[in-house]
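Numbering (full-length UniProt numbering), first residue to last: 1 to 106.
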C-alpha cells in the first residue's frame, strides 16, 4: 500500500520510478510535453513497465516507420529502454515518437 492507501504493484512501482527518470531527462534537455503529450507519454511508460514485469511482447513493429526520428530523440528513448533492462529495441522506436513530438513545442 502507498501513502494514499492504494495497492502498489511491481509494474506500478517500476512505472513511477521510470516516469521520474523520463521527466527529469526531458527537463534537462528543455523538452516540455504539453498536457495531452504528457498523458500519452505517461500511459506509454506505464505500459512499458507492465510489459517489462510480465514479459508481454509487443506486436511486430516496422522499423522503417521511424526513419525520420531524430538521433537525439532515438538516443534518449534507447537510454530509457536500457534502464528497464529487459525490453526490446522496438520499445525505443515507439517511445522516441513521444520525444520527437514534444520537441516541436519549443
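All C-beta atoms, glycine included, are put in the ideal place defined by N, C-alpha and C.
The alpha carbon of residue 102 has as its nearest neighbour, out of 77, 52, 16, the alpha carbon of 77. According to the DSSP assignment, residue 96 belongs to the alpha helix (DSSP H) that extends over 89-103. For the pair residue 48 and residue 99, the CB atoms are not nearer than the 9 Å cut-off. Setting aside the 5 residues that flank it on each side, residue 86 is surrounded in the same chain by 52, each with a C-beta closer than 7 Å to its C-beta; the list follows chain order. The beta carbon of residue 61 is closer than 8 Å to those of 90, 93, 94 in its chain, skipping five residues each way along the sequence. Residue 58 places its beta carbon less than 9 Å from that of residue 88.
Look at the beta carbons and you see the stretch 63-72 not touching the stretch 36-45: under three pairs across the two are nearer than 8 Å. Taking 9 Å as the cut-off, the Cβ atoms of residue 25 and residue 46 do not count as close. Here the C-alpha atom of residue 55 lies approximately 31 Å from the C-alpha atom of residue 34.
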